[in-house]
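Undergrad:
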Amino acid sequence: MTTTLEEVLEQRLGDPFDAANPHGFDAVLAAAEGRRPLDPQPWHVPAGAPEPVMHALRAVCRRSPALATVPETDNAQAVAVGACAGALDSALRITLRHLAGRHLYGAPAIDLPVLRSLLSGAFADLLLCDTLTTLAVRGTEVLPARPDALPHAVTVFVPRVLQGAMDRLSVVMGSRFYLREGDHAAFQMLLSETQRALFGAGRRTPEPETAPLPLTELLAAPAVAGLYDPELLAAAPGRALTGPARRSPQPTGPTHERLYADLVDRHASGVAFDLTRRPLPDRP
Numbered sequence: 021m022t023t024t025l026e027e028v029l030e031q032r033l034g035d036p037f038d039a040a041n042p043h044g045f046d047a048v049l050a051a052a053e054g055r056r057p058l059d060p061q062p063w064h065v066p067a068g069a070p071e072p073v074m075h076a077l078r079a080v081c082r083r084s085p086a087l088a089t090v091p092e093t094d095n096a097q098a099v100a101v102g103a104c105a106g107a108l109d110s111a112l113r114i115t116l117r118h119l120a121g122r123h124l125y126g127a128p129a130i131d132l133p134v135l136r137s138l139l140s141g142a143f144a145d146l147l148l149c150d151t152l153t154t155l156a157v158r159g160t161e162v163l164p165a166r167p168d169a170l171p172h173a174v175t176v177f178v179p180r181v182l183q184g185a186m187d188r189l190s191v192v193m194g195s196r197f198y199l200r201e202g203d204h205a206a207f208q209m210l211l212s213e214t215q216r217a218l219f220g221a222g223r224r225t226p227e228p229e230t231a232p233l234p235l236t237e238l239l240a241a242p243a244v245a246g247l248y249d250p251e252l253l254a255a256a257p258g259r260a261l262t263g264p265a266r267r268s269p270q271p272t273g274p275t276h277e278r279l280y281a282d283l284v285d286r287h288a289s290g291v292a293f294d295l296t297r298r299p300l301p302d303r304p
């Protein structure tokens, strides 16, 4: 069985939640605050084909988007945006752990339906973003009649969806989000570094839209169905960003139940929340 580049990098960097790990959240936060240096070598991603590079960078972004340097590659912007899905992966894990350990109204917060729906919504957003960026880095022709649609989705739409999901999870974290210790400090770091990576100085500004993003048509394309269930992608709250909706509706009914069951199963099984489902070194 072939070991992929991102799996090698995940194992090299180890469990980000382990306080003793020199490449974990505690070490990254200490380096950011100038308390001790961070060895840059283990974080290095070699140049290569766009898709493996994107996934390897995603392993870095799960720990710190600021440390993810995009090697020279085709579709570099799609690679950089797609890599940021790794930060959302970690944010989801931190939020799951937080809600499982917090009690509201005499029961674990994770049992509240509204919070479960928010979690499945962030998961659907991650899958939607991964699907679009994966197709982009592969150079797939998704809508021949609108060749600009997928590049526009990746440069404008996907960053907004990723950041929106992170913002909603920060609300779920509640007042504890402001604690500068443990998982909460890591969440703050991921949130701010993701925002800088997606919207900060030096990021190329896309050309003005010539037509609305045909997201419905994109999700109905055979190339999308070949990666993930379009019905579940259509439930992503970030989809509302393409229309006049003022709120991001969360998944409900059987769609929510399928998404949430998949999310919990992946978390318990120690695999990535993205399309790869690659094994992770994280403790439960």
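According to the working numbering, the sequence shown is numbered sequentially starting from 21. Every residue, glycine too, gets a C-beta built ideally from N, C-alpha and C. What you are looking at is a predicted structure, and each value in this text was computed from that prediction instead of being measured.
Using a threshold of 7 angstroms, state whether the C-beta atoms of A105 and D294 are closer than that.
TA: yes
Undergrad: When burial is assigned at 16 or more other CB atoms within 10 Å of the CB, is R78 buried or exposed?
TA: Around the CB of R78, 16 or more other CB atoms lie within 10 Å, so the residue is classed as buried.
Undergrad: Pick out whichever of P164, A96, A50 and L132 has its Cα sitting closest to the Cα of P70.
TA: Checking every option, the nearest Cα to that of P70 belongs to A96.
Undergrad: With a CB to CB cut of under 7 angstroms and the five nearest residues on each side skipped, what residues in its chain are close to A129?
TA: Excluding sequence neighbours, A129 sits near L119, R122, H123 and L135.
Undergrad: According to the Cβ coordinates, are A76 and L25 closer than 7 angstroms?
TA: Yes; because the gap between Cβ atoms is below 7 angstroms, this pair is in contact.
Undergrad: Going by the beta-carbon positions, is the gap between F177 and L233 smaller than 7 angstroms?
TA: L233 sits close to F177, with the two beta carbons spaced by under 7 angstroms.
Undergrad: Let me know the secondary structure DSSP gives A127 once reduced to three states.
TA: It is a strand residue.
Undergrad: When burial is assigned at 16 or more other CB atoms within 10 Å of the CB, is V48 buried or exposed?
TA: buried
Undergrad: Can you pull the DSSP bridge partners for P299?
TA: V291, per the DSSP bridge assignment.
Undergrad: Please report how far the alpha carbon of T275 lies from the alpha carbon of E53, in whole angstroms.
TA: A direct Cα-to-Cα measurement between T275 and E53 gives close to 42 angstroms.
Undergrad: In the structure shown, what three-state DSSP assignment does P179 receive?
TA: DSSP places P179 in helix when its eight states are reduced to three.
Undergrad: The alpha helix (DSSP H) spanning C104 covers which residue range?
TA: Counting along the chain, C104 falls outside any alpha helix (DSSP H), and DSSP gives it neither H nor E.
Undergrad: Looking only at its own chain, which residues have a Cβ that is under 7 angstroms from the Cβ of F219, when we skip the five neighbours before and after it?
TA: P179
Undergrad: Contact check, P301 vs Q61 under 8 angstroms by CB: the rounded distance?
TA: Not quite, the Cβ-Cβ distance comes to about 18 angstroms (not below 8 angstroms), so this is no contact.
Undergrad: Starting from Q31, trace the alpha helix (DSSP H) both ways and give me its first and last residue.
TA: L25 to L33
Undergrad: Can you tell me the Cβ-Cβ gap for A185 and L279, rounded? I've got them flagged as a contact below 8 angstroms.
TA: About 13 angstroms separates the two Cβ atoms, so there is no contact after all.
Undergrad: Is it buried or exposed, T23, if we count other Cβ atoms within 10 angstroms and call 16 or more buried?
TA: exposed
Undergrad: If you draw a straight line from the alpha carbon of A243 to that of A156, how long is it in whole angstroms?
TA: 11 angstroms
Undergrad: Would you identify the three-state DSSP class for G121, choosing helix, strand or coil?
TA: helix
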